[in-house]
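>
Numbering (my numbering), first residue to last: 82 to 536.
#1: Could you tell me the boundaries of the beta strand (DSSP E) in which residue 132 lies?
#2: Classify residue 190 as helix, strand or coil using the three-state DSSP reduction.
#3: Going by C-alpha distance, which of 446, 106, 485, 174 is nearest residue 418?
#4: Mapping the DSSP letters down to three states, classify residue 393 as helix, strand or coil.
#5: What is the DSSP secondary structure of residue 448, reduced to helix, strand or coil?
#6: Sort out for me which residues DSSP pairs residue 249 with in a bridge.
#7: Are the CB atoms of residue 105 and residue 120 within a distance shorter than 7 Å?
#8: Which residues in the same chain have their Cβ closer than 6 Å to the Cβ of residue 313, if we skip the five residues on either side of it in sequence?
#9: Are there 16 or more other CB atoms within 10 angstroms of the CB of residue 489, so buried, or fewer, so exposed?
#10: Would DSSP call residue 118 helix, strand or coil?
#11: What does the alpha-carbon distance come out to for the pair residue 133 and residue 235?
#12: On the premise that residue 427 lies in contact with residue 415, defined as a C-beta separation below 8 Å, what is that separation, rounded to the nearest angstrom?
#13: Rounding to the nearest angstrom, what Cα-Cα distance links residue 82 and residue 228 in this structure?
#14: Check each candidate in 208, 286, 93, 278 and name the one with the smallest Cα separation from residue 267.
#15: DSSP on residue 155, reduced to helix/strand/coil?
#16: Checking 7 Å against the spacing of the C-beta atoms, do residue 457 and residue 444 come in under that value?
#17: Of the residues 255, 326, 502, 494, which one's Cα is nearest the Cα of residue 273?
#18: For residue 438, collect the residues of the same chain with a Cβ closer than 8 Å to its Cβ; drop the 5 residues on either side in sequence, then sort them by chain order.
#19: Can you tell me where the alpha helix (DSSP H) holding residue 420 begins and where it ends?
#20: Using C-beta distances below 7 Å, list every residue in its chain close to residue 143, excluding the 5 sequence neighbours before and after it, in chain order.
#21: For residue 334, does the three-state DSSP call read helix, strand or coil?
#22: Check for me: the beta strand (DSSP E) holding residue 203 runs from which residue to which?
#23: Thinking just about the alpha-carbon of each residue, which of 156, 421, 149 is nearest to the one in residue 165?
#24: Whole angstroms is fine: what's the gap from residue 503's alpha carbon to residue 480's?
#25: Can you determine whether any heavy atom of the ligand PLP sits closer than 6 Å to the C-beta of residue 506, and answer yes or no?
#26: On the three-state DSSP scale, how would you describe residue 508?
#27: What does a CB cutoff of less than 7 Å around residue 173 pick up in its chain, not counting 5 residues either side in sequence?
#28: Would you mind working out which of 476, 292, 249 sits nearest residue 492, comparing C-alpha positions?
#29: Please return the same chain residues whose Cβ sits closer than 6 Å to the Cβ of residue 429, not counting the five positions on each side in sequence.
#30: What residue from 478, 202, 505 has the CA that sits closest to residue 413's CA?
#31: What residue range is occupied by the uninterrupted beta strand (DSSP E) comprising residue 363?
#32: From the DSSP output, which residues share a beta bridge with residue 221?
#33: Would you kindly report the start and end of the unbroken beta strand (DSSP E) that includes residue 266?
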């Protein structure tokens, strides 16, 4: 499928460059380790049923698991003293901005840009990523993607009675089952279940309609009899069960033609595409990776787990000022940020933004560049010319100007980041805002609540 090929091009290019730059050791180190002076990078591709497996493997030093663990703790992604398995640590490498605040080169080299691999493979292609590494034995990264994006073989469910049908890609579904609240147990305040019996690995249990932000139906069966549950594979693509999602009804196993979301939406929380159903209108294709992460609580690390004391005592919800003369862009960005718990104010141009900042400074500004009265560059220069602490106010430019010259003009003016609207991805927006709030103000982003589909 041409769309799959196009979606794999950037991830493969990045993985091969990454293996050459950071996986293969310098010649003298290889000789000292008893290896040939020249390293080897191997690419393999195979057809597995309805899926394509592509591997990039190097014979370098392998991943430094301890360095990855320490950095994850430093960034608040893991609790202090945590000793997660290698699959969990490998997943950290694909988080946006994971290595931007460390001097550990073995990690930063692998982390920068790997979120692009995850975005293309998991979010755009609906595939999975597997990582295998051994000390001194190199690293293998396997991408497993659908053979075609034209059709999806999926499991049709309803999150609540009467709600629109949803489609789980069948490749991410381990099996369906029945769950009774009495079968679960509370671990660290979270409901978990051992679907394979006593002694098996516990998995988080979550209600699908709550993850999606759908209205709670009357008579929400929290304490009722057995309910349908969909068991999903782990988010990192490893074997086993990652999460158990309670649904109102399992309808059918179907094959449907899907269409992805186009600009300016690009992507909605927990959703990847829309499909026309044979007899019941439209259905939405869910992103199982995002749902598993939300069920695990991975996307909302505890504030108490953050390493810096100032983070642990900040409880005020950050305020973001959106400055854009386009009502469509303002509304889209406002919805994305509010759905994640931020307080949001809006301004139509730089001049109005200055009045608001002078009256009540926000914690961060997201601004367009081309606007009447005062553009985003002028607004950026005005902020940087103010006395501290206002001069340090984080500012992110989100604009349709895509050339390198335009980007450098914005950064030279003092902007902290530059996102092009034609390549807009809300994950990148949220990750950048969260990083700027931590780096510039010491404040964490708000506790992330799953962004849902508003009716």
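We treat Cβ as the ideally placed atom computed from N, Cα and C, and that holds for glycine.
Let's see:
#1: Counting along the chain, the beta strand (DSSP E) containing residue 132 begins and ends at 132–139.
#2: In this predicted model, residue 190 has a pLDDT of only 42, less than 50, meaning its place in the structure is not dependable enough to derive any value.
#3: 446
#4: Only weak support exists for where residue 393 lies, its pLDDT of 30 falling under 50; the value from the coordinates is given anyway. Residue state, collapsed to three classes: helix.
#5: strand
#6: According to DSSP, residue 249 bridges with 236.
#7: Less than 7 Å separates the beta-carbon of residue 120 from that of residue 105.
#8: Result list for residue 313: 253, 323, 324, 369, 373, in chain order.
#9: Exposed.
#10: Under the three-state reduction of DSSP, residue 118 is assigned to coil, being neither helix nor strand.
#11: 17 Å
#12: With a Cβ gap of about 6 Å, residue 415 and residue 427 count as contacting.
#13: 7 Å
#14: For the residues 208, 286, 93, 278, the minimum Cα distance to residue 267 belongs to 286.
#15: If DSSP states are grouped into helix, strand and coil, residue 155 belongs with the helices.
#16: Against a cut-off of 7 Å, the Cβ pair of residue 444 and residue 457 comes out as no contact.
#17: 326
#18: Taken in chain order, the residues that qualify are 402, 446, 464, 471, 474.
#19: 408–420
#20: 214, 215, 216, 217, 218, 219, 220
#21: strand
#22: Per DSSP, residue 203 belongs to no beta strand (DSSP E) and is neither H nor E.
#23: 149
#24: Roughly 8 Å between the two C-alpha positions.
#25: The model on display carries no ligand, and the ligand PLP is accordingly not part of it.
#26: In the structure shown, residue 508 sits in a helix (DSSP, three-state: H, G or I).
#27: 149, 153, 158, 179
#28: 476
#29: 406
#30: 505
#31: 363–367
#32: 138, 213
#33: 266–268
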